[in-house]
Amino acid sequence: MNAIDITQHERLMAAFLEAERNSDIRVLALSGEGRGFCAGDDLTAEKRMGPNPHAKRAVDLEMGSGPAVLLESCAILRRLTKPTVALIHGVALGSGYDYSLSCDFRLVTEDIRFGDPRIDRALWAAEGWSYKLPRLTNQSVVTPIAYLGRLMNGNQALEYGLAHAILDIESDIREAARPFLVALSLLDTNAYASTKAAILDGLDATFEQSLTMQATHP
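Position 173 (the sequence shown) corresponds to 173 in UniProt numbering; numbering is contiguous.
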């Protein structure tokens with residue numbers, strides 16, 4: 001189900017940085033092999049590692065946060081200047097949920113299980129999605145998802161504005177998404193980057209800061 005360990009988080013972060021640097025890459029799409037997008041962090045792998053050179057990046061089970069590298073990786077993904085798309089089927093939980101919410105677009109199948117249920121295990125998610133989720137939808141939607149750990153299916157994610165399209169569950173998700181990805185690849189990269197930066201800066205700023213940014217934007 002594609003649970004992620006620290007090494008895989010680091011590889012993803014390296015891939016995001018390469019996508020930003022390489023002018024030949026015009027769109028970044030994330031998808032999972034097999035039965036799901038991502039089941040979250042591989043906590044058993046973290047426990048097995050014990051004391052290690054990545055100790056500062058290990059999962060803090062008492063706090064409920066993911067590895068610090070996930071925070072850094074999601075921040076890079078969210079601010080990538082190129083279009084980013086999560087292609088979600090099966091489960092997208094925990095860190096998989098966080099990565100997908102860091103993308104510009106989410107294309108899903110109806111059968112997804114989408115969210116972060118760790119509150120059921122007395123853990124809280126200090127990974128960034130609690131910042132992003134209220135900015136992607138509204139507080140009435142956020143409350144049962146965040147406080148009760150409720151998972152969404154594809155139709156609910158679409159209704160809540162957290163998904164942008166439902167893909168055919170019987171199709172290969174990458175092939176089903178291809179027309180949309182091709183359309184994104186044809187957009188002007190500079191215009192896309194500027195528009196994205198303006199939107200994210202506005203979301204991340206106070207109202208006064210937003211007015212100043214708009215007044216001084218070239």
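The beta-carbon is built from N, C-alpha and C at its ideal position, and this holds for glycine as well.
Between residue i and the rest of its own chain, which residues show a CB-CB distance below 6 Å, the 5 nearest in sequence each way excluded?
{"i": "Leu203", "result": "Arg135"}
{"i": "Ala86", "result": "Leu30, Ser100, Cys103 and Arg106"}
{"i": "Asn113", "result": "According to the sequence shown, residue 113 is Arg rather than Asn. Val91 and Leu151."}
{"i": "Thr212", "result": "none"}
{"i": "Lys132", "result": "Leu101"}
{"i": "Glu10", "result": "Val69"}
Mind checking which residues open and close the alpha helix (DSSP H) that includes residue i?
{"i": "Ser210", "result": "Phe207 to Thr216"}
{"i": "Arg121", "result": "Run containing Arg121: none; DSSP gives neither H nor E here."}
{"i": "Leu186", "result": "No alpha helix (DSSP H) holds Leu186; DSSP gives it neither H nor E."}
{"i": "Leu77", "result": "Ala68 to Arg78"}
Can you give me the start and stop residues for the beta strand (DSSP E) that residue i sits inside?
{"i": "Ile88", "result": "Thr84 to Ile88"}
{"i": "Ser31", "result": "Leu28 to Ser31"}
{"i": "Thr189", "result": "First-last for Thr189: Thr189 to Asp204, but that is the alpha helix (DSSP H), not the beta strand (DSSP E)."}
{"i": "Ala92", "result": "Val91 to Leu93"}
In chain order, what residues of the same chain have a beta carbon less than 8 Å from the beta carbon of residue i, not counting five sequence neighbours either side?
{"i": "Asn2", "result": "Gly32, Glu33, Gly34, Gly36, Phe37, Cys38, Ala39 and Gly96"}
{"i": "Phe16", "result": "Leu28, Ser73, Ile76, Leu77 and Leu80"}
Across which residues does DSSP place residue i in a beta bridge pair?
{"i": "Gly40", "result": "Ala3"}
{"i": "Thr109", "result": "Leu167"}
{"i": "Gly115", "result": "Leu93"}
Restricting to runs no shorter than 3 residues, where is the beta strand (DSSP E) found entirely within the region 125–167?
Listed in chain order, the complete beta strand (DSSP E) runs (minimum 3 residues) inside the region 125–167 are 165–167.
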